[in-house]
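One structure is given here, and the rest of the page talks about it.
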Amino acid sequence: MSDKADIKSMSLEQLTDLVKAMGEKPYRAKQLFGWMHEKMVPSIDDMKNLPKSFRDRLKLECQYTLLQMVDVQVSKQDGTRKYLFALEDGNVIESVFMRYHFGNSVCISSQAGCRMGCKFCASAIGGLVRGLKTSEMLEQIYGISRHVSEKISHVVVMGTGEPLDNYDNLLDFIKILNHESGLHMSQRNITVSTCGIVPKIRALAEEKMQINLALSLHASSQEKRKELMPIANKYELPEVLDACRYYFEKTGRRITFEYSLVAGVNDGGEDARELAALISHMNCHVNLIPVNPVKERNFKKPEGERVLEFKNKLEKYGINVTIRREMGRDIDGACGQLRKRYLERQG
Ligand code: SAH
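Each residue of the sequence shown is one higher than the one before, counting from 792 in my numbering.
Next comes the structure, spelled out in structure tokens:
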């Protein structure tokens, strides 16, 4: 990869230093930052109030990260769009655009591939290629916003990859997204989903940001969780829940537990009872996701009725619970499958 300064990944302070080192006035850094992160222009040539000589030097000496749109699938049902983007080094990632009553949301990838190995997940199959740069995370949002000509108000880091396995770039990403000279997106509109890397959850809590944490739980006992998620071999369930409580204590943000329902594996009445007992004292919310079948794996989605039964049981125990609305069903395929199919086609 290029070793030129990746200006779209830089904080305003870093940009100011860079601009000064290039012999330009410090206020140029703020202009540059605004062009990149507020106006989201696709080229340095669009930065009209920067002198031509400075633009030429930026083009020569710096890297301006953009993603190449390889494929877009648009749902006829609800306008959900799935994007496949190619990175500078040829790796591909996917992102999803969704329209809600509260605004437009983009689900981004944080890594090319993933090394967490969750048994039901399509992204686990090829392993980790690399973590995404801050600019590559941002550009998924900017590229989609330009493509649909609409503002993006919400971001979920729930695409391919484990965001807390790319921690530093993730934090820089959130800070730029939230910056008043950029999109100025409220931290409360940003959600990070993790399989449960305990020390990183605690570190994130220390940042005292207002972002939402979603924890992929998927089982109500340590034994069952280990069968589905290798990360459970590293961190015991009580440690994970302690870290979630700590996150809530430090930030006041209610935790969302994601629970993918797999027929005959974790969707029984006893599972619901055990789950309720585990989290009933916490300020939390459960999001049930009927598992998206991945063809290499033998996991099946429970019948709709069984999903409802599971939900009702949790509610009876006083748990806040929703069933994830399935968006873009007609362009579906589990998370990570667009990328996987593409890689298979390339051979
Ligand atoms: N690595 C992070 C974020 C990416 S996955 C995490 O583990 O949370 C986003 C969510 O989708 C996670 O809850 C993940 O467990 C879930 N998921 C992945 N593959 C799935 C599938 N085939 N069906 C249902 N949920 C899936």
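Note that beta-carbon positions come from the ideal geometry of N, C-alpha and C, so glycine has one too.
Could you tell me the alpha carbon to alpha carbon distance between residue i and residue j, rounded to whole angstroms?
i, j, result
"P1084", "N1103", "24 Å"
"L806", "E879", "22 Å"
"S834", "P842", "14 Å"
"L1006", "L857", "30 Å"
"L823", "D963", "17 Å"
"S886", "D862", "11 Å"
"M889", "R979", "18 Å"
"K816", "S844", "13 Å"
Take the Cβ of residue i as the centre, count every other Cβ of all protein chains shown within 10 Å, and call the residue buried at 16 or more, exposed below.
i, result
"G922", "buried"
"N1024", "exposed"
"A1068", "exposed"
"K795", "exposed"
"G952", "buried"
"Y1026", "buried"
"D1062", "buried"
"R1115", "exposed"
"K924", "buried"
"K1107", "exposed"
Beta carbon of residue i, beta carbon of residue j: below 7 Å?
i, j, result
"G917", "G908", "no"
"F1101", "D1058", "yes"
"K1009", "Y1038", "According to the sequence shown, residue 1009 is His rather than Lys. Contact flag unset, no."
"M1034", "P1093", "Note on identity: in this sequence residue 1034 is Ala, with Met being the wrong assignment. No, the Cβ-Cβ distance between A1034 and P1093 is not below 7 Å."
"S901", "P954", "yes"
"I899", "Q931", "yes"
Is residue i near the ligand FAD, judged by its Cβ being under 6 Å from some heavy atom?
i, result
"E997", "As far as ligands go, the structure on display features the ligand SAH and does not contain the ligand FAD."
Residue i and residue j look like a contact to me (Cβ under 8 Å); what is the Cβ gap, rounded to whole Å?
i, j, result
"K1152", "D1121", "Since the first and last residues shown for the chain are 792 and 1138, residue 1152 lies out of range."
"V920", "V948", "Not a contact, Cβ separation roughly 17 Å."
"K821", "L849", "Contact doesn't hold; Cβ gap of about 15 Å is too wide."
"I965", "G987", "In fact, because the Cβ distance is near 19 Å, the residues do not count as touching under 8 Å."
"T1141", "M1000", "Since the first residue shown for the chain is 792 and the last is 1138, residue 1141 is missing from the structure and cannot be characterised."
"L929", "I981", "Not confirmed; about 12 Å, so no contact."
"C912", "G1060", "With 8 Å as the limit, C912 and G1060 do not qualify as a contact, their Cβ atoms being about 26 Å apart."
"R1130", "V883", "5 Å"
(request) Could you name each continuous alpha helix (DSSP H) segment of 4 residues or more that falls completely within the stretch 1002-1030, going from the start of the chain to the end? (result) Look at the stretch 1002-1030 and you find these whole runs of alpha helix (DSSP H), each 4 residues long or longer: 1013-1019.
(request) Could you tell me which uninterrupted beta strand (DSSP E) segments, each at least 3 residues in length, are contained entirely in the stretch 817-886, listed from first to last along the chain? (result) Within the stretch 817-886, the runs of beta strand (DSSP E) at least 3 residues long that lie entirely inside it are, in chain order, 859-865 and 872-877.
(request) Entirely within the stretch 1066-1111 and at least 3 residues each: give me those beta strand (DSSP E) ranges in chain order. (result) Whole beta strand (DSSP E) segments, 3+ residues: 1075-1081.
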